[in-house]
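Asks: Dropping the structure in here first, questions after.
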Amino acid sequence: MKPVKPVFKLLDTGNAVLDREGSLFLEFAPPVAQRQYDWNSKQIFALSVMELGTLVGLAPGESCEFYHDPNMGKSDAGKIRKSLKVNPMKDEDGYYFNLNRQSHSRFMANLLESTFELNKTVRLHVVTSILSCVQYIIPYLMGWHVFVDPSTVDDFLADDEPVGSMTTKNEWDK
């Protein structure tokens with residue numbers, strides 16, 4: 001998991017307003033051996049504040065699913081799709097996380113497809129720790145810390161982003 005800072009912008013009046021909420025990157029890498037993973041083949045799924053709320057709000061036995069398409073509403077819609085499914089284990093001692101990424105493209109007259117799928121079992125004690133971290137970070141992803149202490153806004157202005165900052169990335173950048 002990697003949090004992505006929210007971004008603020010300055011108005012002509014000198015006031016700062018939230019330009020983009022932060023998000024939480026979930027990184028998934030396929031296993032190559034016991035406790036070893038191929039991080040060069042990792043996939044990222046960015047959860048928005050609203051999606052994190054859905055995840056935190058799951059009642060025992062409930063599941064959820066998220067779909068992302070970077071080209072939604074454009075002519076390239078559907079070329080790349082990601083889905084993240086979170087389903088409870090039958091014994092309710094954890095959850096199954098299923099990440100699926102499909103991409104479709106044309107080369108000459110051929111339709112090329114690639115699929116990445118990863119299933120990960122996460123035990124309840126780990127899920128509980130993750131959800132505790134998520135609950136803590138949601139107000140920061142929404143920018144509430146700047147409301148409480150306006151002097152911190154300079155650290156989150158879009159114009160002041162350092163090169164390679166996590167605020168400039170999204171799950172489709174690789």
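Heads up: the sequence shown begins at 1 in the working numbering, then just goes up one per residue. Note that the Cβ used here is the ideal one computed from N, Cα and C, for glycine as well.
Hey, how far is the Cα of Phe116 from the Cα of Phe28?
Replies: Working through the sequence shown from its first residue, we reach residue 116 at position 116. Working through the sequence shown from its first residue, we reach residue 28 at position 28. Their backbone Cα atoms lie some 10 angstroms apart in a straight line.
Asks: Comparing C-alpha positions only, which one of Tyr95, Lys120, Pro3 sits nearest to Leu55?
Replies: Here residue 55 refers to the residue found at position 55 of the sequence shown. Out of Tyr95, Lys120, Pro3, Tyr95 has the C-alpha closest to the C-alpha of Leu55.
Asks: Once the 5 residues before and after Val163 are set aside, which same chain residues still bring their CB inside 8 angstroms of it?
Replies: By one-based count along the sequence shown, residue 163 stands at place 163. In this prediction, Val163 has a pLDDT of 38, which is less than 50 and means its spatial position is unreliable; nothing more can be read from the coordinates.
Asks: Return the chain-ordered ranges of every alpha helix (DSSP H) run that is complete within the stretch 21-88 and spans a minimum of 4 residues.
Replies: The stretch 21-88 contains these whole alpha helix (DSSP H) runs: 49-56.
Asks: Let me know the secondary structure DSSP gives Pro179 once reduced to three states.
Replies: Residue 179 is absent from the model: the chain starts at 1 and stops at 174.
Asks: Can you tell me which of Asn87, Met142, Lys82 puts its alpha carbon nearest to the alpha carbon of Gln181?
Replies: Here the chain has residues from 1 to 174 only, and residue 181 is not among them.
Asks: Put Asp155 into one of helix, strand or coil per three-state DSSP.
Replies: As a first step, residue 155 must be located in the sequence shown, where it is residue number 155. Here Asp155 sits in helix by DSSP.
Asks: Relative to the C-alpha of Gln176, which residue among Asn98, Val134, Asp155, Gln34 is closest?
Replies: In this structure the chain extends from 1 to 174, so residue 176 is not present and cannot be described.
Asks: In terms of residues, what are the limits of the alpha helix (DSSP H) holding Pro139?
Replies: Mapped onto the sequence shown, residue 139 falls at position 139. That run of the alpha helix (DSSP H) goes 124-141.
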